[in-house]
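Heads up, the thing below is written out as structure tokens.
There are 2 protein chains.
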Amino acid sequence: MPEQPQAPLLEQEVPVEQRAQKRGILYVVGIGPGAQQHTTPEALAAIADAELVVGYSTYIKLVGHLIQGKEVVRTGMTEEIGRARTAVERARDGATVALVSSGDAGIYGMAGLVFQVLKEMQWKRGDSPELRIVPGITALSSCASVVGAPLVHDFCAISLSDLLTPWPVITRRIEAAASADFVIALYNPASGRRTRQIVEAQQIIRRFRDGTTPVALVKSAYRKLQQSALSDLDHFLDYEIGMLTTVLIGSSNTFVFEGYMVTPRGYTNKYTWDGDVLPGQKPGHSLVVSPQAGNAECEEPE
Amino acid sequence: MPEQPQAPLLEQEVPVEQRAQKRGILYVVGIGPGAQQHTTPEALAAIADAELVVGYSTYIKLVGHLIQGKEVVRTGMTEEIGRARTAVERARDGATVALVSSGDAGIYGMAGLVFQVLKEMQWKRGDSPELRIVPGITALSSCASVVGAPLVHDFCAISLSDLLTPWPVITRRIEAAASADFVIALYNPASGRRTRQIVEAQQIIRRFRDGTTPVALVKSAYRKLQQSALSDLDHFLDYEIGMLTTVLIGSSNTFVFEGYMVTPRGYTNKYTWDGDVLPGQKPGHSLVVSPQAGNAECEEPE
Chain A
1 MPEQPQAPLL
11 EQEVPVEQRA
21 QKRGILYVVG
31 IGPGAQQHTT
41 PEALAAIADA
51 ELVVGYSTYI
61 KLVGHLIQGK
71 EVVRTGMTEE
81 IGRARTAVER
91 ARDGATVALV
101 SSGDAGIYGM
111 AGLVFQVLKE
121 MQWKRGDSPE
131 LRIVPGITAL
141 SSCASVVGAP
151 LVHDFCAISL
161 SDLLTPWPVI
171 TRRIEAAASA
181 DFVIALYNPA
191 SGRRTRQIVE
201 AQQIIRRFRD
211 GTTPVALVKS
221 AYRKLQQSAL
231 SDLDHFLDYE
241 IGMLTTVLIG
251 SSNTFVFEGY
261 MVTPRGYTNK
271 YTWDGDVLPG
281 QKPGHSLVVS
291 PQAGNAECEE
301 PE
Chain B
303 MPEQPQAPLL
313 EQEVPVEQRA
323 QKRGILYVVG
333 IGPGAQQHTT
343 PEALAAIADA
353 ELVVGYSTYI
363 KLVGHLIQGK
373 EVVRTGMTEE
383 IGRARTAVER
393 ARDGATVALV
403 SSGDAGIYGM
413 AGLVFQVLKE
423 MQWKRGDSPE
433 LRIVPGITAL
443 SSCASVVGAP
453 LVHDFCAISL
463 SDLLTPWPVI
473 TRRIEAAASA
483 DFVIALYNPA
493 SGRRTRQIVE
503 AQQIIRRFRD
513 GTTPVALVKS
523 AYRKLQQSAL
533 SDLDHFLDYE
543 IGMLTTVLIG
553 SSNTFVFEGY
563 MVTPRGYTNK
573 YTWDGDVLPG
583 QKPGHSLVVS
593 PQAGNAECEE
603 PE
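Written out as structure tokens, the structure is:
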């Protein structure tokens with residue numbers, strides 16, 4: 001019997017028996033702060049390999065020059081679930097898809113939601129799609145590099161958005177971070193409608209730290225409209241703080257030097273500037289804390 | 303009077319009057335986890351531009367193919383002060399220098415020490431050298447991408463090295479992070495000589511979290527000898543943990559799915575999988591927490 005000519009199928013209409021044969025690929029890609037100079041070759045290769053690129057419209061704009069001729073699904077904010085589902089389902093059905101986030105998709109990014117969608121659809125390892133998570137430079141790193149070296153010692157990242165997380169959970173974290181002298185990076189500090197949270201965060205942190213503690217505000221690092229300011233805990237609320245601002249609050253050891261914000265690692269607890277070991281200390285051994293010196297809480301006695 | 307021929311000067315012997323004229327450049331460069339696919343074009347350009355490359359010998363090896371024909375100063379661990387001084391002083395004297403770190407030089411990296419050396423030598427903005435800090439992908443991001451999406455909600459980074467920081471400061475931070483339900487990333491968890499700290503950290507965190515809390519161990523992410531393992535809070539100490547291991551400890555909401563570690567952001571508190579808003583919630587407004595539902599502390603009720 002001669003073969004019947006088949007009607008061409010639309011890409012969305014791959015029949016179930018064919019789906020199983022073609023295993024799609026889902027890249028979850030962090031493009032870094034925005035400028036291509038800070039996007040890794042691996043992220044660029046993932047976008048180049050994709051036939052479909054999915055992302056929040058602002059991020060799609062940042063990679064506009066890389067996606068000419070490709071199918072693009074761009075959605076607005078608060079449409080994250082739809083975006084993740086589109087990316088996962090199209091990749092499951094055989095497409096090579098890049099779901100792009102700015103910064104690192106694994107830090108407050110879309111990577112978590114991708115796994116939740118996969119779980120919801122009872123995906124198993126070996127099923128389509130194959131997952132490839134491509135890390136990027138997160139806002140923590142890009143913003144810190146703009147203002148100096150504020151994150152050279154222990155730090156916390158806290159999102160002030162209470163759209164999805166109960167506010168009491170967030171305040172408990174702010175209080176803990178402040179009390180234990182972490183450098184604190186606040187993501188999503190405020191939006192047009194949401195302005196109360198950063199004020200309350202300032203009040204909580206102020207209970208534990210001096211008003212002169214350095215605070216940096218960085219907006220749109222490495223993008224055209226980059227802005228940054230150095231202030232302190234008593235005054236940083238005088239500046240405009242919005243959705244694109246990252247707020248970096250120093251620890252008790254953070255200092256300002258020539259307009260840079262610096263958190264020291266503690267070398268001067270043990271060494272002279274010639275690299276010699278201070279009396280009573282041993283290289284390669286735990287720091288010996290002298291009770292007389294009163295430096296048990298202080299990494300950089302001056 | 304005819305000019306006298308001058309003896310050629312060695313590069314180190316630039317006379318003081320010439321020093322002031324040539325302003326050197328000091329790049330402080332994070333090269334990311336190690337594989338060139340994860341090093342940004344900006345970092346590669348900085349290394350290409352440098353005449354002198356300074357770094358810890360392991361990191362110099364990672365960029366070996368990029369530095370042929372350049373002058374290289376490689377030093378061992380615990381020689382950080384000497385390394386920073388060499389880089390700063392040579393750049394001050396007019397050279398273009400790249401001080402390279404793996405990961406991000408601003409996160410537990412050399413950037414802090416550079417500013418301390420500059421402060422020590424009473425450097426002012428506008429003086430030589432010009433500073434250019436180039437961010438890289440930090441271990442947090444690279445390690446997270448290897449095991450899934452563990453850092454999609456609030457997290458802390460804590461170094462367990464007590465070589466420069468008093469151990470009581472560190473334990474206070476571990477306790478605060480554990481009590482406020484942060485995901486915890488432990489840098490420098492152990493070394494050949496320093497093995498007690500990770501055991502004590504486990505005991506502190508276990509007081510606040512279930513023994514089944516997911517824990518990921520990642521070693522040498524994106525390098526030839528990459529290893530990773532997924533365990534839990536009661537069992538992760540059974541694995542080998544060394545200087546190159548990053549330990550990621552989940553929050554109370556972190557789950558394991560098909561061998562991946564995932565911390566959800568909280569979308570299912572507010573939305574259905576079709577993207578519709580749940581009863582009682584409003585998109586763009588604070589999460590409404592129902593006391594009956596008992597989810598005030600829980601982002602992903604199942």
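Taken in order, these protein sequences are the chains called A and B.
For reference, each letter of the first sequence is one residue, going 1 to 302 in our numbering.
For reference, each letter of the second sequence is one residue, going 303 to 604 in our numbering.
Don't be surprised by glycine CBs; every beta carbon is placed ideally from N, CA and C.
- In the three-state reduction of the DSSP assignment, Glu432/B falls in the strand class, which pools E and B.
- Rounded to the nearest whole angstrom, the C-alpha separation of Val100/A and Ser530/B is 25 Å.
- Contacts with chain A at 9 Å (Cβ-Cβ) do not include Leu535/B.
- Distance between His38/A and Gly280/A, taken at the CA atoms: about 44 Å.
- Here Val590/B is exposed: its Cβ has fewer than 16 other Cβ atoms, across all protein chains shown, within 10 Å.
- With fewer than 16 other Cβ atoms from the protein chains shown falling within 10 Å of its own Cβ, Asp576/B counts as exposed.
- Judged by DSSP secondary structure, Asp351/B falls within the alpha helix (DSSP H) whose first and last residues are Pro343 to Asp351.
- Proximity to Ala400/B across Ala345/B, Lys526/B and Ala441/B peaks at Ala345/B, based on C-alpha coordinates.
- Nearest to Ala180/A by C-alpha distance, out of Ser252/A, Glu79/A and Thr40/A, is Ser252/A.
- Neighbourhood of Tyr569/B in chain A, by CB distance below 8 Å: Glu80, Ile81, Leu113, Gln116 and Leu164, in chain order.
- In the DSSP secondary-structure assignment, Ile184/A is bridged to Cys156/A and Ile249/A.
- When only Cα atoms are considered, Ile81/A and Ser493/B end up about 42 Å apart.
- In this chain, Gly494/B is not harboured by any alpha helix (DSSP H), its DSSP state being neither H nor E.
- Of Pro33/A, Glu51/A, Ile198/A and Glu71/A, the smallest CA-CA separation from Thr58/A is found for Pro33/A.
- One thing to note: Thr440/B has its Cβ within 9 Å of the Cβ of Leu140/A.
- For a cut-off of 8 Å, the C-beta gap from Leu539/B to Gln499/B is around 12 Å, too long to register as a contact.
- Around the beta carbon of Thr171/A, 16 or more other beta carbons sit within 10 angstroms, so the residue counts as buried.
- Here DSSP, grouped into helix, strand and coil, assigns Glu258/A to coil.
- Among the residues of chain B, those whose CB is under 7 Å from the CB of Phe257/A are Phe417 and Lys421, following chain order.
- For Ala84/A, the enclosing alpha helix (DSSP H) begins and ends at Glu80 to Arg92.
- For chain B, the residues of the region 173–188 of chain A that bring a beta carbon within less than 8 Å of one of its beta carbons are Arg173, Glu175, Ala176, Ala177, Ser179, Ala180, Asp181 and Phe182, in chain order.
- Counting only residues of its own chain and dropping the five nearest sequence neighbours on each side, Val374/B has a CB closer than 7 Å to the CB of Val355 and Ile362.
- Counted as a single uninterrupted DSSP element, the alpha helix (DSSP H) harbouring Gln418/B occupies residues Ala413 to Glu422.
- In the DSSP assignment, Leu589/B falls outside any beta strand (DSSP E), carrying neither H nor E.
- Taking a beta-carbon distance threshold of 9 Å, Ile204/A does not count as an interface residue toward chain B.
- Look at Tyr569/B here: in three-state DSSP terms it is helix.
- Judged by DSSP secondary structure, Glu240/A falls outside any beta strand (DSSP E); it is assigned neither H nor E.
- Under the three-state reduction of DSSP output, Gln226/A falls in the coil class, being neither helix nor strand.
- Per DSSP, reduced to three states, the secondary structure at Tyr56/A is strand.
- Of all alpha-carbon atoms in Arg206/A, Cys143/A and Ile174/A, the one lying nearest the alpha-carbon of Leu230/A is that of Cys143/A.
- Rounded to whole angstroms, the gap between the alpha carbons of Ala487/B and Asp93/A is 36 Å.
- Taking the Cα positions, Met261/A is about 22 Å away from Ala348/B.
- Here DSSP, grouped into helix, strand and coil, assigns Ile31/A to coil.
- By DSSP's assignment, Ile25/A forms a beta bridge with Thr96/A and Glu130/A.
- Chain B places no beta carbon closer than 9 Å to that of Ile241/A, leaving this residue out of the contacts.
- Counted as a single uninterrupted DSSP element, the alpha helix (DSSP H) harbouring Arg172/A occupies residues Trp167 to Ser179.
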